[in-house]
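Right, one structure below, let's go through it.
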Amino acid sequence: MPNEQSFFSEISFPFENFVNASSIIFYQCSLDSDFPIVNISPNVENILGYQPEDFYEDSTYWMEKIHPEDQPQVNESFLDIIKEKNRTYVYRFQHKDGHYVWLRDENTVIFDTAGNPQAIAGTAIDITKQKQAEEEVKKLNATLEQRIDERTRNLTVTNRKLKKQIQYRNKAEAQLSEQGKLLKMLEVGINYINDMVIISKSPIDNPLQSEIMFVNKAFERFTGYRFSEVEGKDPSFLHGEKTQQKKLRKLNTYLKKNEPVRVEFINYKKDGSPYWVDLEMSPFPAEEEGMQYWVGINRDITKRKKTEIALEQNEKKYRAYTELSFDAIFEIAFDGTIIDCNARACTLFGYAREELIGMNTKELIPDEYKDSFPQEITPQIMTGSQVLQRIYKKKDGTLFTSEINTKFYHHDDEDHLIAYVRDISEQIKYQDAIEESLKEKNTLLAEVHHRVKNNLAVISGLLEMQTFNADNEQIVQALRESQSRIQSIATVHETLYQSESFSDIALHYYIDDLVSYISGTFGHHGTQVNFNNEIEPISLTVKQAVPCGLLLNELITNAYKHAFPDLKEGTIAIQLSQEGKTVTLVVSDDGVGLPNDFDINTSSTLGMTLISTLVQQLGGTLTIETEPHTQFHITFDID
6 MPNEQSFFSE
16 ISFPFENFVN
26 ASSIIFYQCS
36 LDSDFPIVNI
46 SPNVENILGY
56 QPEDFYEDST
66 YWMEKIHPED
76 QPQVNESFLD
86 IIKEKNRTYV
96 YRFQHKDGHY
106 VWLRDENTVI
116 FDTAGNPQAI
126 AGTAIDITKQ
136 KQAEEEVKKL
146 NATLEQRIDE
156 RTRNLTVTNR
166 KLKKQIQYRN
176 KAEAQLSEQG
186 KLLKMLEVGI
196 NYINDMVIIS
206 KSPIDNPLQS
216 EIMFVNKAFE
226 RFTGYRFSEV
236 EGKDPSFLHG
246 EKTQQKKLRK
256 LNTYLKKNEP
266 VRVEFINYKK
276 DGSPYWVDLE
286 MSPFPAEEEG
296 MQYWVGINRD
306 ITKRKKTEIA
316 LEQNEKKYRA
326 YTELSFDAIF
336 EIAFDGTIID
346 CNARACTLFG
356 YAREELIGMN
366 TKELIPDEYK
376 DSFPQEITPQ
386 IMTGSQVLQR
396 IYKKKDGTLF
406 TSEINTKFYH
416 HDDEDHLIAY
426 VRDISEQIKY
436 QDAIEESLKE
446 KNTLLAEVHH
456 RVKNNLAVIS
466 GLLEMQTFNA
476 DNEQIVQALR
486 ESQSRIQSIA
496 TVHETLYQSE
506 SFSDIALHYY
516 IDDLVSYISG
526 TFGHHGTQVN
536 FNNEIEPISL
546 TVKQAVPCGL
556 LLNELITNAY
566 KHAFPDLKEG
576 TIAIQLSQEG
586 KTVTLVVSDD
596 GVGLPNDFDI
606 NTSSTLGMTL
616 ISTLVQQLGG
626 TLTIETEPHT
636 QFHITFDID
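Take 6 as the starting number for the sequence shown in my numbering and just add one per residue.
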């Protein structure tokens, strides 16, 4: 069954801790019919309250916890994942305590080298706070609408004045004998203005029952409608799918009260394309009793509204980013005064937002540190990509270590600074604990290797004492060979004890020490043995270094014993190289050579049996050549 150890078996130690501290759940599903989870990061308990084993024991456990309304979407996404390779979707998931959280799930298909799908890997992030932020945005939109209504009501006084002016103008026109000529002149003037003008007629007691009596040329050019097409129609034919009903209700409310009104909403052209219009309507008396005219000035504000909407959306988006940040964010004037800050800044420093705004950043620096380093969250220093580590003071006097990053910008003819402050106190404590633990473990490990080396040295000394009491040359030879084998293992531990790493051995240094020891032990038989070494710097783990050292010991010892009988001089060559992960070790000599019928598989000597066994232990291959000289050729892969 999958468990935490299997999830982190291929992950390095620092990344394991990162995953445990992360707000992201990592998981892997098989491609079986229910897509069961086979691996999931242990931080699922912190985020959702479940143990990883809950999902391993029941293949449908994850799907059962998804909100019933969201399950069809998730099922469909998993069924289509092979074809689309990756998918992202959002759904509600039941926390172990019963409430629902929002998750954003991103997954992708893992393929083998042949292009066949093997599994599904994914991440799930808790976005409940983001969803809550979206609800806050809706509330802000409602507030904005209220403010627009208030602004429109403020224009009522101006509209009333305009109404009176129109009434005065109508009275003046009634006194003119050439009223028709004047009206004609007014029509010509209206046709030359850029704003669209619509004049409609309606009963005073029912202003919504309106008919278009006139449109100017600007209306015809912009909307695509000719006057003959719209004459006698209700102006509402310009409305459509995107026309805001709330704005229309406001417009109708003022019309029913026979009051001037100004409102912005969406209308439609003849070709069906929408546009934003700033409509200002006012009533004036008609020549018929019980009737009145309405003049509507329509101004195209599409470009302005798009810009306003984009700015508003950007402001809300960046405000949401700022408030959801885990870092304290400050906006600072050039004199060090805090202009604005996010919620994390209040939480981190312990002040209310109203207290921080207007405060100078000098007040956040402990007195004992004011002279030891400059004030990073002031305009005097811009860190750019550099991160500085400093100590700051909370409202309650608590000191904490933080990382500071600042960025200069120019806004509204003023120089401002954005500063990011991150509390790293716990991180430093954790790092210090890890370093202390590592020092203790390294000391212990060094002591272990030292004691193993000493114990092996004691055994080697006992064997040396045995050689003094033995009167049989064969026994003495066997004891010295055992000494040599023990010494090859002791040299491994000695090398580890003297190195900075207790996991890897520099094989090229080890070989030099081993050759020196064997030469001192077996180099008294009257033959001058020279070494010709071509050794590349290669490191092996202890698991491979011990059998490799024993293998070298057997090959060099055998050459000393058997390669140079009755010869005054001989040469042993050692070659060590690496290509990729494959290591090649070649030991050869220019001695008398092996018998022509030699076969290591049928040889009964202890040395040859050890050589064959050690090669198998390394997972390598052995090739023996007898012409023109004896050569042992071994290859194996590094773990």
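From the three backbone atoms N, C-alpha and C, an ideal C-beta is built for every residue, glycine too. In this text the structure is predicted, and so the values were computed from the model without any measurement.
Query                                                                                                                                                                     : Result
With Arg254 as the anchor, note down where its alpha helix (DSSP H) starts and where it stops.                                                                            : 250–261
Just list the alpha helix (DSSP H) runs in the region 535–598, keeping only unbroken ones of 4 residues or longer that don't cross its boundaries, in chain order.        : 547–567
Which value, in whole angstroms, describes the spacing of the CA atoms of Leu393 and Ile409?                                                                              : 5 Å
According to the Cβ coordinates, are Asn257 and Asn221 closer than 8 Å?                                                                                                   : no
Taking Ala564 and Gly596 to be in contact with their CB atoms under 8 Å, please state how far apart those CB atoms are, rounded to whole angstroms.                       : 7 Å
Could you spell out where the alpha helix (DSSP H) holding Phe527 opens and where it closes?                                                                              : 512–527
Tell me whether the beta-carbon of His634 lies closer than 8 Å to the beta-carbon of Val591.                                                                              : no
Check the DSSP bridge columns for Met613 and list the partner residues they point to.                                                                                     : DSSP output for Met613 lists no bridge partner at all.
Ser28 and Ile153 - do their beta-carbons sit closer together than 8 Å?                                                                                                    : no
Let me know the secondary structure DSSP gives Asn347 once reduced to three states.                                                                                       : coil
By DSSP's criteria, His638 is part of a beta bridge. Which residues make up the other side?                                                                               : Val591, Thr628
Could you pull out every unbroken alpha helix (DSSP H) segment of at least 4 residues lying fully inside the region 39–96, listed in chain order?                         : 49–53, 57–62, 66–69, 76–89
Please classify Ala3: is it buried, with 16 or more other beta-carbons within 10 angstroms of its beta-carbon, or exposed?                                                : Nothing about residue 3 can be reported from this structure: the residues present for the chain run from 6 to 644 only.
Using alpha carbons as the reference points, say which of Asn80, Arg254, Glu328 lies closest to Tyr425.                                                                   : Glu328
Any idea what DSSP makes of Ile439, helix, strand or coil?                                                                                                                : helix
Hey, how far is the Cα of Asp437 from the Cα of Asp428?                                                                                                                   : 16 Å
Could you check the C-alpha separation between Lys238 and Lys166 for me, to the nearest Å?                                                                                : 29 Å
Can you name, in chain order, every residue of its own chain whose Cβ lies under 8 Å from the Cβ of Arg97, other than the five neighbours on each side?                   : Ile71, His72, Glu74, Asp75, Tyr105, Val106, Trp107, Leu108
Helix, strand or coil, according to DSSP, for Ser205 in the structure here?                                                                                               : strand
Taking only three categories from DSSP, how would you classify Phe242?                                                                                                    : helix
If I follow the unbroken beta strand (DSSP E) through Phe289, where does it start and stop?                                                                               : 279–290
So what's Val220 in DSSP terms, helix, strand or just coil?                                                                                                               : strand
Locate the alpha helix (DSSP H) running through Glu359, then write down its first and last residues.                                                                      : 358–361
Assign Ala119 to one of two classes, buried (16 or more other C-beta atoms within 10 Å of its C-beta) or exposed (fewer than that).                                       : exposed
Between the region 259–266 and the region 234–249, can you find at least three pairs of beta-carbon atoms closer than 8 Å?                                                : no
Could you work out which residue in Phe219, Lys261, Lys275 is closest to Tyr230 when comparing CA atoms only?                                                             : Lys275
Sort Ser241, Lys548, Tyr514, Thr406 by Cα distance to Glu431 and report the nearest one.                                                                                  : Thr406
Alpha carbon to alpha carbon, how far is Glu559 from Gly612? Give it in angstroms, no decimals.                                                                           : 6 Å
Using the Cα positions of Pro288 and Trp299, report the straight-line distance between them to the nearest angstrom.                                                      : 4 Å
Under the DSSP definition of a beta bridge, which residues are partnered with Met296?                                                                                     : Pro208
To the nearest angstrom, how far is it from the Cα of Glu630 to the Cα of Gln56?                                                                                          : 59 Å
If you reduce the DSSP assignment to three classes, tell me which class Leu623 lands in.                                                                                  : coil
Who pairs with Ser407 in a beta bridge, going by DSSP?                                                                                                                    : Arg395, Asp428
Does DSSP classify Lys169 as helix, strand or coil?                                                                                                                       : helix
Would you tell me roughly how many angstroms separate the C-alpha atoms of Leu53 and Asp110, rounded to the nearest one?                                                  : 14 Å
Can you list, in chain order, the residues of its chain with a C-beta nearer than 6 Å to that of Gln385? Leave out the 5 residues immediately preceding and following it. : Annotation note: pLDDT 49 at Gln385 (below 50); position unreliable, no value reported.
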